[in-house]
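Q: Numbering-wise (my numbering), the sequence shown opens with residue 8 and increments by one. Beta carbons are placed, not taken as given, at the ideal position from N, Cα and C, and that holds for glycine.
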Amino acid sequence: MKPEVSCWQHPPSRLALKDGELHLWRFSLDAPPEMIQYLQSLLSTNEMVRAERLIDPLKRHSFVMARSCLRQILAKYLGLNPELLKFGYNSSGKPFLSSPTKDKLTFNLSHSGSIAILAVAMDGEVGVDIEKIDAALNFQSVARRYFTLAEMNELEKLSILRRRRQFYRLWTRKEAVLKMYGTGFSLPGSIETFVSDLDHCTLINIFLATSYVSALAVNRRITSIQKFNMLPDREIR
Ligand SMILES: CC(C)(COP(=O)(O)OP(=O)(O)OC[C@H]1O[C@@H](n2cnc3c(N)ncnc32)[C@H](O)[C@@H]1OP(=O)(O)O)[C@@H](O)C(=O)NCCC(=O)NCCS
8 MKPEVSCWQH PPSRLALKDG ELHLWRFSLD APPEMIQYLQ SLLSTNEMVR
58 AERLIDPLKR HSFVMARSCL RQILAKYLGL NPELLKFGYN SSGKPFLSSP
108 TKDKLTFNLS HSGSIAILAV AMDGEVGVDI EKIDAALNFQ SVARRYFTLA
158 EMNELEKLSI LRRRRQFYRL WTRKEAVLKM YGTGFSLPGS IETFVSDLDH
208 CTLINIFLAT SYVSALAVNR RITSIQKFNM LPDREIR
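1. Can you look up Thr-209 in the DSSP assignment and give me helix, strand or coil?
2. Using DSSP bridges, identify the partner residues of Glu-11.
3. So what does Phe-103 bridge to, in DSSP terms?
4. So the candidates are Leu-116, Asn-236, Val-127, Ala-142; which of them puts its Cα closest to the Cα of Asp-110?
5. Distance cutoff 9 angstroms, beta carbons only. Does Met-42 sit that close to anything in chain B?
6. Taking 8 angstroms as the cut-off, is the C-beta of Ile-213 nearer than that to any heavy atom in ligand 1?
7. Output needed for Ile-232: all residues of its chain with C-beta closer than 8 angstroms, excluding positions within five of it in sequence on either side, in chain order.
8. For Ala-123, collect the residues of the same chain with a Cβ closer than 6 angstroms to its Cβ; drop the 5 residues on either side in sequence, then sort them by chain order.
9. Please tell me whether, using a cut-off of 8 angstroms, the distance from the CB of Leu-116 to the nearest non-hydrogen atom of ligand 1 is below it.
10. In three-state terms, what does DSSP make of Lys-25?
11. I need the straight-line Cα distance from Leu-116 to Arg-171, nearest angstrom please.
12. Between Glu-132 and Met-187, which are expected to be in contact by the criterion C-beta below 8 angstroms, what is the C-beta distance as a whole number of angstroms?
13. Among Phe-174, Asp-141, Arg-169, which has the Cα closest to the Cα of Tyr-330?
14. Give the straight-line distance between the Cα atoms of Phe-148 and Thr-179, rounded to the nearest whole angstrom.
15. Whole angstroms are fine: how far does the CA of Arg-60 sit from the CA of Leu-185?
16. Thinking Met-129 and Leu-22 are a contact (beta carbons under 8 angstroms), I'd like their distance in whole angstroms, please.
17. Comparing C-alpha positions only, which one of Thr-209, Ser-218, Val-135 sits nearest to Asp-141?
18. Look at the alpha carbon of Leu-50 and the alpha carbon of Arg-227, and state the distance between them as a whole number of angstroms.
19. May I have the straight-line CA-CA distance separating Lys-83 from Phe-235, to the nearest angstrom?
20. Which residue from Ala-38, Pro-18, Arg-78 puts its Cα closest to that of Pro-64?
21. Cβ of Leu-85 within 9 angstroms of Cβ of Leu-112?
22. What does DSSP give as the partner residues of Arg-33 in its beta bridges?
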């Protein structure tokens, strides 16, 4: 059974995840320059080192924006200051909350272009992916290389006009599943996962914006997805 999905809405002042519920957040990565210093102050030393390694200022600001929004949103659920959260990483780089551990809050983040999405759930593993549709991408050749026969058939059933979006729908589903497992593309053959055939998982494409496609994967049954827009200022604290 597919979960019920809300419209994009302002988050309530008190955030709580009910059983079977998942929250999906959408926010912009266009960091207002006057906010960058404040946003950086929320990051850990490791995150700052990572930010400083990014030579392109746009990429650096996007990273700072993504990490500070991630901290601000998770902190809201936990009733803590964002800078107090600590992240650990699995062997493929998937971040998880290492402190505090009393609430089993799980999350996954994805960014593309100037938009990021963040899925937050209780228990289990979550994966999200967002891709900006690239009108110049030779998606047929990518599909031929990475898609299964069943996925290729699914694409070829469609008119030429609808194929590109469907390619991205399938691609983001694959990435969301790999990010849910936490392996990313590090496992040989992992990209061949047939994304419609997963037991005990919730796997769904989510509408985000006209030129973007996104997907969400969770390794448990989700009955409701609440979608929130993050406020573009400090009020989220
Ligand atoms: C994870 C991966 C699929 C991300 O793909 P992408 O489309 O470039 O990026 P997205 O925007 O969707 O996701 C990036 C975010 O996912 C999270 N992430 C990182 N590694 C992840 C993983 N293995 N699984 C799930 N999520 C991961 C992070 O929050 C990251 O954001 P950050 O860089 O700002 O911290 C890709 O980088 C990958 O395959 N990584 C594995 C590589 C690996 O095994 N490296 C081993 C040495 S660390």
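A: This is what the structure holds:
1. strand
2. Ser-231
3. Note: Phe-103 sits in a beta bridge opposite Gly-95.
4. Val-127
5. The chain labelled as chain B is not found in the depicted structure, where only one protein chain is given.
6. no
7. Pro-10, Glu-11, Val-12, Ser-13, Glu-28, Leu-29, His-30, Leu-31, Ile-211, Ile-213, Leu-223
8. Phe-34, Leu-36, Ala-73
9. Set against 8 angstroms, the gap from the CB of Leu-116 to the closest heavy atom of ligand 1 is smaller.
10. coil
11. 24 angstroms
12. The Cβ separation is near 5 angstroms, so the contact holds.
13. Past the boundaries of the shown model lies residue 330; the chain is included only from 8 to 244, so the question cannot be answered.
14. The question names Phe, yet the displayed sequence has Ser at residue 148. Going from the Cα of Ser-148 to the Cα of Thr-179 covers about 16 angstroms.
15. 26 angstroms
16. With 8 angstroms as the limit, Met-129 and Leu-22 do not qualify as a contact, their Cβ atoms being about 12 angstroms apart.
17. Ser-218
18. 31 angstroms
19. 13 angstroms
20. Ala-38
21. yes
22. Ile-124, Asn-236
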